[in-house]
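Engineer: Per our numbering, residue 106 is the first one in the first sequence, and the count goes up by one each step.
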Amino acid sequence: MPELPDVEVFRKYLNRTALNKKIDKVEVRDNDILSDHSARSLQMQLKGKKFKATKRRGKYMFVKFDKNAWLVPHFGMTGFLKYYKDEDKETEHARVVFDFTNGYKLAFDNQRKLGKVDIAKGVQEFAEKNDIGPDVLEDDFDLGKFKEIMDKKRGIVKSALMDQKSMSGVGNIYSDEILFRAGIHPASKTERLDNKQVKKIFRALKTVLKKAIEAEVDPQKMPSSYLLPVREEGHKCPECSGKIKSSKFSGRTGYYCGKHQKQLS
DNA sequence: AATATTGTTCAGCA
DNA sequence: GTGCTGAACAATAT
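1) Please name the residue in Asp-256, Arg-161, Val-202, Lys-126 whose C-alpha comes closest to that of Val-114.
2) For the beta strand (DSSP E) holding Leu-211, just list the boundary residues, first then last.
3) Could you pull out every residue in the same chain whose Cβ sits closer than 8 Å to the Cβ of Thr-206, ignoring the five residues on either side in sequence?
4) If you reduce the DSSP assignment to three classes, tell me which class Arg-161 lands in.
5) Flag this pair as yes or no: are the beta carbons of Val-177 and Ile-224 separated by less than 8 Å?
6) Suppose contacts are defined by Cβ-Cβ distances below 8 Å. Is Gln-150 in contact with Ala-123 by that definition?
7) Output yes or no for whether 8 Å exceeds the beta carbon distance between Tyr-361 and Phe-285.
8) Does the separation of the CB atoms of Phe-170 and Phe-156 fall below 8 Å?
9) Helix or strand or just coil, what does DSSP make of Pro-324?
10) May I ask you to report which of helix, strand or coil DSSP gives Thr-312?
11) In terms of DSSP beta bridges, what is Arg-77 paired with?
12) Taking the Cβ atom as the reference point for each residue, do Ala-320 and Lys-311 lie within a distance shorter than 8 Å?
13) Following a CB-centred definition, is Gln-148 positioned closer than 7 Å to any heavy atom of the ligand SAH?
14) For the beta strand (DSSP E) containing Lys-252, name the first residue and the last one.
15) Kindly identify the DSSP beta-bridge partner or partners of Pro-178.
16) Do Gly-163 and Gln-269 have their CB atoms nearer than 8 Å?
17) Check for me: the alpha helix (DSSP H) holding Leu-151 runs from which residue to which?
18) Identify, in the order they occur along the chain, each residue of the same chain with its Cβ nearer than 6 Å to the Cβ of Lys-353, setting aside the five sequence neighbours on each side.
19) Compute the Euclidean distance between the alpha carbons of Asp-135 and Arg-357, then round it to the nearest angstrom.
20) Identify the continuous alpha helix (DSSP H) that holds Phe-231 and give its terminal residues.
21) Within its chain, find whatever has a CB closer than 6 Å to the CB of Ile-283; leave out the 5 residues flanking it on each side and keep chain order.
22) In whole angstroms, give me the CA-to-CA distance for Glu-51 and Glu-337.
23) Count Cβ pairs between the stretch 248–258 and the stretch 194–204 that sit closer than 8 Å; are there 3 or more?
24) Check for me: the beta strand (DSSP E) holding Asp-204 runs from which residue to which?
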């Protein structure tokens, strides 16, 4: 699940549930999830504090709990947040649980343990240290900037969009959706795209991600002309008379329409 | 039972 | 050194 729109939805969820509640303790149920710091130091730093504000950069979420101190959840391939009170509401793979003094808890659920919970001094500092590119939904990520980045990229365009060092936020699912809307084949070489095509991809990128956030990431609420609700091999293309195909691109399975997304030679 | 999976990192290669 | 690709990682579903 967790690409940019998913993380944005989780961030808003945290904002309306766990913000400004006093933290009583932190339960670390799986140490794989922690980055460098220990469970003990996480507990010591957070006890008695409140989550004060949230930010997001690409697929990373930032939760402020002190001056120059942010919790940084990252979900990996699976995961979400859950705020609850009763034990029986607890989710199956709650790896880190924040207990609040009001009796509620916030769980960082992460089935496959590829997610991480880190601590940073700030968004900028964390982004530089971890080489995370500009967030694609920021206002200053405009067509000029996108063109500049794409000009430097080689290889298949789907991978270029998914390279978090160049720009952050787009993953496997949404790169498919973006290229589907732009009518570009996922395996097109980035260096072969003309200005018009780059512009088309840029437009699609902004629209698709915004729409997904609006739809709260529910495929059923996405426009019916989108690929997402019908992302399976052999399905009829919602845009034209073509059929949906799938194939491996740089090791990831991508879906596209065999008719209106033509491969560049 | 082998194979797939929404992310990131790193070895291998050009 | 740089940049791209594919395997590995973990746990579960089909």
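For each residue, glycine too, the CB sits at the ideal point set by N, CA and C.
Structural biologist: According to the data block:
1) By 1-based counting over the first sequence, the position of residue 114 is 9. Ranking Asp-256, Arg-161, Val-202, Lys-126 by CA distance to the CA of Val-114 puts Arg-161 first.
2) Residue 211 sits at position 106 when you count from the first residue of the first sequence. Boundaries of the beta strand (DSSP E) harbouring Leu-211: 210–214, taken from the DSSP string.
3) As a position in the first sequence, residue 206 is number 101, starting the count at 1. Same-chain partners within the cutoff: Lys-126, Lys-127, Ile-128, Asp-129.
4) Looking up residue 161 in the first sequence gives position 56. If DSSP states are grouped into helix, strand and coil, Arg-161 belongs with the strands.
5) Here residue 177 corresponds to residue number 72 of the first sequence, with the count starting at 1. Here residue 224 corresponds to residue number 119 of the first sequence, with the count starting at 1. In this structure, Ile-224 lies closer than 8 Å to Val-177 by Cβ.
6) On the first sequence, position 45 is the one that residue 150 refers to. On the first sequence, position 18 is the one that residue 123 refers to. Cβ distance not < 8 Å, so Gln-150 and Ala-123 don't count as in contact.
7) On the first sequence, position 256 is the one that residue 361 refers to. On the first sequence, position 180 is the one that residue 285 refers to. In this structure, Phe-285 lies closer than 8 Å to Tyr-361 by Cβ.
8) Numbered from 1 along the first sequence, position 65 holds the residue referred to as residue 170. Numbered from 1 along the first sequence, position 51 holds the residue referred to as residue 156. Yes, these two residues count as a Cβ contact at 8 Å.
9) Here residue 324 is taken as the residue at index 219 of the first sequence, counted from 1. Pro-324 falls in the helix class under three-state DSSP.
10) Position 207 of the first sequence, counting from 1, holds the residue named residue 312. Here Thr-312 sits in helix by DSSP.
11) Absent from the model: residue 77. The displayed extent of the chain is 106 to 370, so no value can be given.
12) Taking the first residue of the first sequence as 1, we reach residue 320 at position 215. Taking the first residue of the first sequence as 1, we reach residue 311 at position 206. Cβ distance not < 8 Å, so Ala-320 and Lys-311 don't count as in contact.
13) With respect to the ligand SAH, the structure shown offers nothing to examine, as it has no ligands at all.
14) Within the first sequence, numbered from 1, the residue matching residue 252 stands at position 147. For Lys-252, there is no enclosing beta strand (DSSP E); the enclosing alpha helix (DSSP H) has its first and last residue at 248–257.
15) Here the question's residue 178 lines up with position 73 in the first sequence. Listed as beta-bridge partners of Pro-178 by DSSP are Val-222.
16) As a first step, residue 163 must be located in the first sequence, where it is residue number 58. As a first step, residue 269 must be located in the first sequence, where it is residue number 164. Going by C-beta atoms, Gly-163 is nearer than 8 Å to Gln-269.
17) Here residue 151 is taken as the residue at index 46 of the first sequence, counted from 1. That run of the alpha helix (DSSP H) goes 144–151.
18) By 1-based counting over the first sequence, the position of residue 353 is 248. Its chain contains no residue whose beta carbon lies nearer than 6 Å to that of Lys-353 once the 5 sequence neighbours on both sides are disregarded.
19) On the first sequence, position 30 is the one that residue 135 refers to. On the first sequence, position 252 is the one that residue 357 refers to. Their backbone Cα atoms lie some 28 Å apart in a straight line.
20) What you label residue 231 is simply residue 126 of the first sequence in a count that begins at 1. For Phe-231, the uninterrupted alpha helix (DSSP H) segment begins and ends at 228–234.
21) Position 178 of the first sequence, counted from the start, is the residue given in the question as residue 283. Cβ contact annotation for Ile-283 (same chain, cutoff 6 Å, sequence separation greater than five): Ala-309, Leu-310, Val-313, in chain order.
22) Residue 51 lies beyond the residue range present for the chain, which begins at 106 and ends at 370; the question has no answer from this structure.
23) Fewer than three pairs of CB atoms, one per stretch, sit closer than 8 Å, so the stretch 248–258 makes no contact with the stretch 194–204.
24) Counting from 1 along the first sequence, the entry for residue 204 is found at position 99. It spans 199–205 - the beta strand (DSSP E) in which Asp-204 sits, taken as one unbroken run.
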